[in-house]
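>
Below, the structure is given as structure tokens:
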């Protein structure tokens, strides 16, 4: 015995465009992983390297959203077949050693947008430096916290039937919401299709039929952006095609519940260590329609009394009453935290960035008391290096500035 | 010094109809509480005693919803004035000693309804026996847990201006949603008005203008149904009128995030110990629009790895795609848990009751990945006396039955 | 069904001397409890009411140590026989409603003593007021915390063989340690024997052979003073005699690991709710020599980062090196905390009292690195209403005084 | 900006004997670290590579204890002077990437020994494989847990005065305990002195006066073996010489309270990331005699109800009563856990190894109830892949074997 390192199933380069890297969206697959094998998989950040470690948000403003979500994989998992479940144990997630930083962005309302873009339409950015388990940002001083590091996206490929269900139901949404002044969903898009080394006809088919990876979807998970899917978690994923075709990417050093600014986690390039186990016939045994997971044991703990909880209701900022709308309530909830924290000298954009990536707890409290939903957001006070408790008189400090775009 | 008990600011009787008890909805107020005083306040259950400890849900089916939410109070808090904040420290909550049981109900779709009433329209009920910090139910065997005991409702009275805002915006909702086959909000209602000893003209005014207590509301809190507002929590409440006019009621032995069956917590009569402190000019100092709170330190802890987390997406049970609708996602999320637990022999109604009252954790995960919201529900496995982990092959057991209504 | 209170197996009076109360040390027993029954049992404080709610420690100085540990019971548990295990589920512990206060004492070195009596020989006292789950003391300002409420003593009666083993081995200790200027153990003592209504010959026998309840003992538990044996805990107790003869007492509102000042917990009169279950043949099945327990789920949580941990080593205050002596290390450990906290204005006696009763965590760290044991004490910072973290420059405040004896 | 890795202050080789590596015990120092700098420091395992990844404990039996504790350093920390405090923030600890395994050993009673060597005198060993945050061992099947990774040793160099105090007091212990059939402390030892590139006269002086690193010591910390000193912890270390002369080593993937088998942690070679900050005049400001620390926020959490707690008393295995001896109580406590776990098929040596390295919680419960100390050990049940709760009837399984020495 003696030395024995864990195998890398894929390595990425930080010096090459994502579109040129063979292990990203490899078609038909980027190699095979054994049942019960543990491997390391490297991932680029979700923008494929479009965002730089600097003090301008021009790159965020100009991000090309047809060139994102370059996932590593897919991988064939031996013995996996439709109806099985792929158990994914996340044994570790780490930033790439030679890129110990990440970013949080607010997209322009005109290019990507976010949860509060009606109120905060401008692009903005914060760079986060990693210090072991901690991170801090020169763009949001006074804050430092341990990351709840996790992948934003993981899942197995859809079958043709599942894919066609997706395309159909999202097309319907688009067609019935054309009156809205918003992009409500993104259909397949031939522009900048990345399909690895696939031949042209496959590439074309991908462009015409391939589902966009922006949303998570009930049938397979995908971009769920679950902040607690951290080290030690075990995810149960439905298998829809032979070999499972597992992909992973969009690694986050940390995220708040909701990931509200859309590019809201602390996005990073990194490496994830996974053990893959096939549970034969698992979908029927578990009666599973959507993935489930069991969190790992090593989440940062603050103690319940070290949170301030804010309440949000489904009455919007114009005073309009909505009917049991948890989305409206959660948006109001975010605004309540912004109002609270701006008293200390932070700009609204800094707080918007912070709520996106710090480990805030977003809960459904009451969802049946017509007409109001009540949601709550728990803000951990120990991520601040000064006392933000409500009994303390706030002092407006010079909190510098997050990065903005040039005008 | 020596013996010195805490003063009871109000006591209720279990032998008298709620409508006849002087301390409930006393107008103009049921006595005065000093700034910094600690008092005990007794409360009836939120149905005012309409539900019995038996094995039939007839009482749930026939509940008179004009006779509920009999709150204890209001109390005048000395020195409190509009613009202040009333700090409410919940020092303890206990069931009444001579009624050591509570109930969870599913209202009939035709009389109250609930979060899943399109799918589960029938009335049902579970009785819970209290065993110190624990509770268990003969109607849902195999389950036992420590209560996260709390008040469903607390708040200060609205000013006339606030009240008129409420009535106006909820009336608008009702008028614009008349096409829906649902009650979307409840306007003031003269039927069974309970206004204590108020003279007839006041009673009439209350019937015509008084807001219903069903919804929590952003301006004062109210029926927020926040499961973590338990022993040791500190709530910061806006004061809108002189004396604050604080009321409290709807005590819960336990509740799950969402309180999904509407009569969903473990409803009980009980006593709450509160310390009241006035924070002069607090609303401006805190920039407060809605209440905030700091949880107590004694919540039951299971450890992160002792939850199964389920995922929910905003695609409804008919396969229809909704646009970033967290309410739809949370409903699907509940259905995923029901599908999982029914494999052990529980009926769907038993699980619906259980999800309403057990300490499930309902989170917003991703709320920006168009068009899907992803919510998660964490189900604590240690509330079951058998192993429900996904690696265990489920065995269908005889789980008895919850209480149903006679037909 | 309907109303149904839990049965009281014993009630105490606060107006009668402990020695006159029938339910304390009743011989042969104070009634029978069914297998699987839940009962409430009231207990006097461990001094039997000798200590008053006042500002003098004269009562502590003059305490009569032959008149303490009046336990409630024993109770016969139906079906319990030698070799069984009695499972004791502590469903709740509460102070008596009409005595919402407790005390912590430092005994005089000449009458009881304590862990640090060589350094702090004087009697002292702090009175604690209960505020729901919290407590605070006028004698130690700036401190407030949630109690980890528990019984200091519970256990089943020894058999004659076990009793004789105890008396023999403790007599040996006494005889071999007569050179020490200390009481090292207390033999049976006829003075002030309390044996309920037992006839004189039995009383005499008790006085001559009955074990003192001061120490916990491996064969049955007894006065273990385990701070985490709180609400919801389940204890597995060996049964040595028919009927088990279970006794309980010495209730604590809170205690620190070690209970260092001897009368160190927050001692109180109270009521404990217990479910008793007999596990037939349990001692053999569990291979049990000493009790085990499983803590309840509702302990106060501070989060790991909200403790300051101090280190103690087995080099005593005179610079003498001891060989792997954890007791010496823990004593030094306590002194380190006293030195730290006195910088804020507290007297050493105040801190000694505080370390005895606040939820400090006392750990064995390394016990094999010859010649030093390293112990650690975790001091929760959130029990203070000012910031005691080491990066904060301490300010000496007026911290008043604990109660001392008149001279 | 852009890429910017953290500087390595020292790198070790796995292919060279520890005694030949320049960064270990470098005299006078191995370079300088700036105030507020973050660096990575690599360390060999504490035996300097004497133990192999194999199935024999011959290497453990034959370990050369004059060739251990090769610490990395010392490092000069800029601006640090006697009387200052060196704040050491442990930002991360990781195993070396190309050696993803560690070991736990039981030393022979004749060569090193351990806490239970009177009862278990034979050498034994378990190899642990690292799987991200988890570890498991082919020598102790059925067990897997997340590591609470930490350094066993860190500290600053003693001044000549401090050193002379150590030598004097430990020599006294040795001289007064010569009647014992045990090594009670280890004096300076010229054999195999490792003093880096120091000239011969210095080497000789080190051999004659240099303190052995086996014990932690109150004046500077050292080999404290505190299991919770994990990722994110902050240690406050007294500075006794100019430049502080900080050393670190003896990294542990995990350890139980007490590290009872002496070579009891999961010993590993690894890398630690530290931020160094000098607190000028800190010793006086903090009144510090021994180090203090604040734990990091990312400890594994099991929930309080997921432990079985065992009790230990100061009556030894021969039935002899000791006077308030916490060391005796803790030894008995360990034996109680061994008796419990052997019912499942584990050998006593397997359990002894497991208690040494798994995250067991060792507490002082009561330390004043003469003549017995009561300690408790909490055993987390979730590290087992089968149910060890006391209500479950144990089944003796084939648990294989740990590694033993050839005879």
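Protein chains in written order, with the numbering used here: chain S, 6 to 412; chain W, 6 to 412; chain P, 6 to 412; chain B, 6 to 412. Even glycine gets a Cβ: it sits at the ideal position worked out from N, Cα and C.
1) Are the segment 256-264 of chain B and the segment 390-400 of chain P touching by the rule of at least three beta carbon pairs closer than 8 Å?
2) Would you tell me roughly how many angstroms separate the C-alpha atoms of residue 132/W and residue 51/W, rounded to the nearest one?
3) Are the beta-carbon atoms of residue 46/W and residue 299/W separated by less than 8 Å?
4) Can you tell which of 71/W, 89/W, 33/W has its C-alpha closest to the C-alpha of residue 291/W?
5) For residue 8/W, which three-state DSSP category applies?
6) Residue 104/P to residue 379/S, Cα distance in whole Å?
7) Which word fits residue 404/W, buried or exposed, when buried means at least 16 other C-beta atoms lie within 10 angstroms of its C-beta?
8) Of all the residues that make up the segment 291-309 of chain P, which are near chain S by a beta-carbon distance shorter than 8 Å?
9) Are residue 147/B and residue 311/W close, meaning C-beta to C-beta below 8 Å?
10) Below 8 Å on the Cβ atoms is my guess for residue 116/S versus residue 68/S; work out the distance and round it to an integer in Å.
11) Should residue 77/S be labelled buried (16 or more other beta-carbon atoms within 10 Å of its own) or exposed?
12) Exposed or buried, what is residue 413/W when buried is set at 16 or more other beta-carbons lying within 10 Å of its beta-carbon?
13) For a contact defined as C-beta to C-beta under 8 Å, what are the partners of residue 341/P on chain S?
14) In chain order, what residues of the same chain have a beta carbon less than 6 Å from the beta carbon of residue 107/S, not counting five sequence neighbours either side?
15) Measure the C-alpha to C-alpha separation of residue 331/S and residue 324/W and round it to an integer number of angstroms.
16) What number of angstroms, rounded off, separates the C-alpha of residue 281/S from the C-alpha of residue 12/S?
17) Would you give the residue range spanned by the beta strand (DSSP E) that residue 148/W belongs to?
18) In whole angstroms, what separates the C-alpha of residue 100/S from that of residue 233/S?
19) Is the distance from the Cβ of residue 142/S to the Cβ of residue 265/S below 8 Å?
20) Please list the terminal residues of the continuous alpha helix (DSSP H) segment that includes residue 96/W.
21) Specify, as a first and last residue, the run of the alpha helix (DSSP H) that residue 173/W falls within.
22) Can you confirm whether residue 200/P, when its beta carbon is compared against all beta carbons of chain B, has any partner nearer than 8 Å?
23) Skipping 5 residues on each side, what residues in its chain have a beta carbon closer than 7 Å to that of residue 387/S?
24) Name the one or two DSSP bridge partners that residue 228/B has.
25) Under 7 Å Cβ-Cβ, which residues of chain P neighbour residue 276/B?
26) Chain W partners of residue 265/S, CB-CB under 8 Å?
27) Using a Cβ-Cβ cut-off of 8 Å, state whether residue 49/B counts as contacting chain P.
28) Run the CB neighbour count on residue 267/P, radius 10 Å, all protein chains shown included, and call it buried at 16 or more, exposed below.
29) Is the beta carbon of residue 60/B sitting closer than 8 Å to the one on residue 363/B?
30) Can the beta-carbon of residue 213/W be found closer than 8 Å to that of residue 193/W?
31) Can you give the Cα-Cα distance for residue 222/W and residue 329/S, rounded to whole angstroms?
32) Keeping to the same chain, check which residues put their C-beta closer than 8 Å to that of residue 422/B; ignore five residues upstream and five downstream.
33) Give the interface partners of residue 139/P over in chain W, defined as CB-CB distance under 8 Å, in chain order.
34) Are the CB atoms of residue 384/S and residue 365/S nearer to each other than 8 Å?
35) Could you please give the first and the last residue of the uninterrupted alpha helix (DSSP H) stretch that includes residue 44/B?
36) Which runs of the alpha helix (DSSP H), 4 residues or longer, sit entirely within the segment 192-224 of chain B?
According to the structure shown:
1) no
2) The residue given as residue 132/W occupies position 127 in the second chain. The residue given as residue 51/W occupies position 46 in the second chain. Taking the straight line from one Cα to the other gives about 15 Å.
3) For the purposes of this step, residue 46/W is taken as the residue at position 41 of the second chain. For the purposes of this step, residue 299/W is taken as the residue at position 294 of the second chain. Not closer than 8 Å, so no.
4) As a working note, residue 291/W is residue 286 in the second chain. Among 71/W, 89/W, 33/W, the Cα nearest to that of residue 291/W is on 89/W.
5) Start at 1 with the first residue of the second chain, and residue 8/W comes out as number 3. At residue 8/W, the pLDDT of 49 sits below 50, so the modelled position is not reliable and the matter cannot be decided from this model.
6) What you label residue 104/P is simply residue 99 of the third chain in a count that begins at 1. What you label residue 379/S is simply residue 374 of the first chain in a count that begins at 1. If I take the Cα positions, the gap works out to 39 Å.
7) The residue given as residue 404/W occupies position 399 in the second chain. Buried: at least 16 other Cβ atoms inside 10 Å.
8) 306, 307, 308, 309
9) Reading the fourth chain from its first residue, position 142 is the one you call residue 147/B. Reading the second chain from its first residue, position 306 is the one you call residue 311/W. No.
10) As a position in the first chain, residue 116/S is number 111, starting the count at 1. As a position in the first chain, residue 68/S is number 63, starting the count at 1. So it is a contact: roughly 7 Å between Cβ atoms.
11) Residue 77/S sits at position 72 when you count from the first residue of the first chain. Burial call: buried.
12) Look at the range of chain W in this structure, 6 to 412, and you will see that residue 413/W is not part of it.
13) Looking up residue 341/P in the third chain gives position 336. Going along chain S, no residue has its Cβ under 8 Å from residue 341/P, so there is no contact; the nearest lies around 24 Å.
14) Counting from 1 along the first chain, the entry for residue 107/S is found at position 102. The residues are 133, 258, 271, 272, 273.
15) Here residue 331/S corresponds to residue number 326 of the first chain, with the count starting at 1. Here residue 324/W corresponds to residue number 319 of the second chain, with the count starting at 1. Cα to Cα, residue 331/S sits roughly 20 Å from residue 324/W.
16) Position 276 of the first chain, counting from 1, holds the residue named residue 281/S. Position 7 of the first chain, counting from 1, holds the residue named residue 12/S. Their backbone Cα atoms lie some 13 Å apart in a straight line.
17) As a working note, residue 148/W is residue 143 in the second chain. Run containing residue 148/W: none; DSSP gives neither H nor E here.
18) Reading the first chain from its first residue, position 95 is the one you call residue 100/S. Reading the first chain from its first residue, position 228 is the one you call residue 233/S. Cα to Cα, the separation comes out at about 17 Å.
19) By 1-based counting over the first chain, the position of residue 142/S is 137. By 1-based counting over the first chain, the position of residue 265/S is 260. In this structure, residue 265/S does not lie closer than 8 Å to residue 142/S by Cβ.
20) Position 91 of the second chain, counting from 1, holds the residue named residue 96/W. No alpha helix (DSSP H) contains residue 96/W, which is instead part of the beta strand (DSSP E) from 90-100.
21) Position 168 of the second chain, counting from 1, holds the residue named residue 173/W. 165-181 is the extent of the alpha helix (DSSP H) around residue 173/W.
22) One-based indexing of the third chain puts residue 200/P at position 195. Not an interface residue.
23) As a first step, residue 387/S is located in the first chain; it is residue number 382 there, counting from the start. If we look at residue 387/S and ignore the five residues flanking it on each side, its Cβ neighbours are 307, 311.
24) Position 223 of the fourth chain, counting from 1, holds the residue named residue 228/B. Answer is 158/B.
25) Position 271 of the fourth chain, counting from 1, holds the residue named residue 276/B. The contacting residues do not exist; residue 276/B stays about 23 Å from chain P at best.
26) Taking the first residue of the first chain as 1, we reach residue 265/S at position 260. Going along chain W in sequence order, the residues near residue 265/S (Cβ under 8 Å) are 372, 373.
27) Walking along the fourth chain from the start, residue 49/B turns up at place 44. Chain P, which has no Cβ nearer than 8 Å to the Cβ of residue 49/B, makes this no.
28) The residue labelled residue 267/P in the question sits at position 262 within the third chain. Classification for residue 267/P: buried.
29) Translated into positions along the fourth chain, residue 60/B becomes position 55. Translated into positions along the fourth chain, residue 363/B becomes position 358. Going by C-beta atoms, residue 60/B is not nearer than 8 Å to residue 363/B.
30) Here residue 213/W refers to the residue found at position 208 of the second chain. Here residue 193/W refers to the residue found at position 188 of the second chain. It is a contact, given that the beta carbons lie within the stated cut-off.
31) Counting from one through the second chain, the residue named residue 222/W turns up at place 217. Counting from one through the first chain, the residue named residue 329/S turns up at place 324. Spanning the two alpha carbons is a distance of roughly 12 Å.
32) Missing from the structure shown is residue 422/B; chain B here goes from 6 to 412 and no further.
33) The count along the third chain starts at 1 and reaches residue 139/P at position 134. By Cβ distance, chain W contributes 96, 237.
34) For the purposes of this step, residue 384/S is taken as residue 379 along the first chain, with counting starting at 1. For the purposes of this step, residue 365/S is taken as residue 360 along the first chain, with counting starting at 1. In this structure, residue 365/S lies closer than 8 Å to residue 384/S by Cβ.
35) For the purposes of this step, residue 44/B is taken as the residue at position 39 of the fourth chain. Where residue 44/B is concerned, there is no enclosing alpha helix (DSSP H), although the beta strand (DSSP E) it sits in stretches over 43-48.
36) 205-214
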